[in-house]
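Under our numbering, the first residue of the sequence shown carries the number 79, and numbering increases by one thereafter. Below is one structure; the comments refer to it alone.
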Amino acid sequence: MNKKKADKFSKEFIIADGHIDLPYRLYKEGLLYEKNINLNYETKGNFDIPKAEKGGLNCPFMAIYIPSEKLEEEAYDFANDLIDLVRNLIKSNEKFSSAYSPKDVIKNFKNNQISLPMGIENGSAIGTNIDNLTYFFNRGIRYITLTHAKNNQICDSSYDKEKKWSGLSDFGKSLVRKMNDIGMMIDVSHISDDAFLDIMMITNKPVIASHSSPRVLTPGFERNLSDKMIELISKNKGVILINFGSSFVNSKSNKLFSQINKIAEKWRVKKKLKKNSEELEKYKDSLINKLNPFAELEDVLDAIDHVNNLVGDNFIGFGSDYDGLGNSLPKNLKDVSAYINLIEGLIKRGYSKESIEKICYKNFFRVWNANLQNHQI
Ligand SMILES: [Zn+2]
């Protein structure tokens with residue numbers, strides 16, 4: 079009964095996801111400059127057209143992910159290359175269309191098309207030239223995650239132990255103002271708590287957290303959002319797009335995965351292997367099989383419940399991080415065909431049709447539209 083209802087909702091509603099790492103996955107597969115990338119068949123990754131159709135996914139934001147070691151020109155060039163890759167994807171698969179606003183997504187949805195909007199994950203691509211912001215907006219980028227694993231020229235990172243700016247740099251402050259002016263959404267995932275607070279003092283538009291979960295589920299994990307931050311996002315009328323990763327929604331999984339990563343890293347150094355070696359992946363998988371660190375679908379539902387109980391259902395959406403988490407997704411949420419399981423879980427927990435529709439796309443689109451309103455470009 080619930081399954082049928084979930085299936086119906088998944089077809090009736092747009093399903094938007096704030097963060098899918100498909101471009102970087104395809105880069106890792108050696109397809110960066112490939113003109114024709116066919117995704118009309120089942121791939122080994124978390125995302126392809128058959129899986130997206132099964133799950134009812136219509137609006138996956140493509141993360142233009144820039145690794146922290148790439149700086150200035152290299153970061154700028156890499157962002158351009160990944161944007162070109164997304165454009166090639168759209169050209170080579172009839173099912174895909176570009177989208178620069180919620181209006182575009184709705185139009186594509188009516189035409190049975192999957193939209194591929196884009197966000198840049200790591201503001202290092204902007205360098206120190208603020209005009210690059212408008213340049214990337216004109217290339218179709220609609221949000222920027224200000225940093226990634228390390229502090230950068232804009233702000234501090236949640237993952238970096240030594241903070242450089244105690245929040246936003248002066249350049250970061252001007253950038254945030256300019257983002258507001260031109261209609262580029264500010265993504266607060268990955269940044270430090272102080273950087274977050276600085277943004278909240280400055281921004282006059284609602285923000286997104288493109289792939290973060292509540293910190294209360296993973297105490298001490300600064301990459302997730304504290305209750306105070308969740309409350310501030312709700313006051314700002316922003317949206318928290320829930321990260322599905324096991325380490326983001328379950329404290330035991332978080333500890334086990336960080337243990338696995340530490341053991342694997344030691345082993346890699348001993349074996350003198352490269353960071354992206356296949357042998358390392360196999361070794362990691364063997365540890366994963368032994369320790370069974372996976373979270374459950376219920377943990378992701380708990381993450382949604384927590385935000386709902388704290389601030390209500392107007393500030394929740396999906397930001398799975400599919401194709402960016404390797405072998406660490408919860409059971410029954412392994413790829414983009416699984417949104418139906420999540421919707422079924424929400425129905426079972428008593429969420430109304432109206433609530434589920436908000437979570438699937440309406441909340442996120444409210445924020446996106448608010449950013450595009452009165453923008454000067
Ligand atoms: Zn990320």
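Note that beta-carbon positions come from the ideal geometry of N, C-alpha and C, so glycine has one too. If you're wondering where the values come from, they're calculated on a predicted model, not measured in any experiment.
- As the crow flies, the alpha-carbon of Ile161 is around 14 Å from that of Ser170.
- Scanning Asp401, Phe174, Ile98, Tyr178 for the CA closest to the CA of Leu117 turns up Phe174.
- In terms of Cα proximity to Glu107, the closest of Gly123, Val266, Ile93 is Gly123.
- With contact defined as three or more Cβ pairs closer than 8 Å, the segment 340-350 and the segment 281-300 are not in contact.
- In the structure shown, the three-state DSSP call for Pro101 is helix.
- Nearest in C-alpha terms to Asn314, of all of Pro284, Gln191, Glu172, is Pro284.
- Check the Cα spacing between Tyr221 and each of Ala227, Gly201, Glu152, Thr121: the tightest is with Gly201.
- DSSP places Leu224 in the coil class of the three-state scheme, outside both helix and strand.
- With contacts defined as CB atoms closer than 7 Å, Ala373 and Ser324 qualify as a contacting pair.
- Judged by beta-carbon spacing, Gly245 lies beyond the 7 Å limit of Ile320, meaning their Cβ atoms are not closer than that value.
- In the three-state reduction of the DSSP assignment, Ile366 falls in the helix class, which pools H, G and I.
- In the three-state reduction of the DSSP assignment, Ala94 falls in the strand class.
- Secondary structure note for Gly395: its beta strand (DSSP E) is the uninterrupted segment 394-396.
- The DSSP-derived three-state label of Gly197 is strand.
- In this chain, the alpha helix (DSSP H) harbouring Asp380 covers 375-389.
- Residue range 209-216 is occupied by the alpha helix (DSSP H) that includes Phe215.
- Counting along the chain, Val317 sits inside the beta strand (DSSP E) bounded by residues 317-320.
- Here Asp265 is bridged, per DSSP, to Thr223, Ile286.
- Beta-bridge analysis with DSSP links Tyr400 to Ile98.
- When the beta-carbon positions are compared, Ser288 and Gly133 stay at least 7 Å from each other.
- Ser331 is positioned such that its CB atom lies closer than 7 Å to that of Pro371.
- Check the Cα spacing between Leu211 and each of Ile318, Asn186, Ile264, Lys228: the tightest is with Ile264.
- If you draw a straight line from the Cα of Ile338 to the Cα of Lys185, it comes to about 45 Å.
- Beyond the five residues adjoining it in sequence on each side, Met257 comes within less than 6 Å, by CB distance, of Ile264 in the same chain, given in chain order.
- The beta carbon of Ile421 sits closer than 7 Å to those of Ala84, Phe87, Ser88, Ile434, all from its chain and outside the five residues before and after it, given in chain order.
- In this structure, the beta-carbon distance from Tyr400 to Val414 falls below 7 Å.
- Cys233 is bridged by DSSP to Leu246.
- Between the alpha carbons of Gly261 and Ser146 lies a gap of roughly 25 Å.
- Shortest Cα-Cα distance from Leu224 to any of Asp363, Phe442, Ile115, Ile144 involves Ile144.
- Taking a 10 Å sphere around the C-beta of Tyr439, we find 16 or more other C-beta atoms and assign the residue as buried.
- In summary, Gln451 is exposed, with fewer than 16 beta-carbon neighbours lying within 10 Å of its beta-carbon over all protein chains present.
- Contact annotation: Asn80 and Lys426 have beta-carbon atoms nearer than 7 Å.
- Less than 7 Å divides the Cβ of Ser291 from the Cβ of Val327.
- Partner residues in the beta bridge of Tyr143, as assigned by DSSP, are Glu199.
- Setting aside the 5 residues that flank it on each side, Ala177 is surrounded in the same chain by Cys137, Val183, Asn186, Ser193, Leu194, Pro195, each with a C-beta closer than 8 Å to its C-beta; the list follows chain order.
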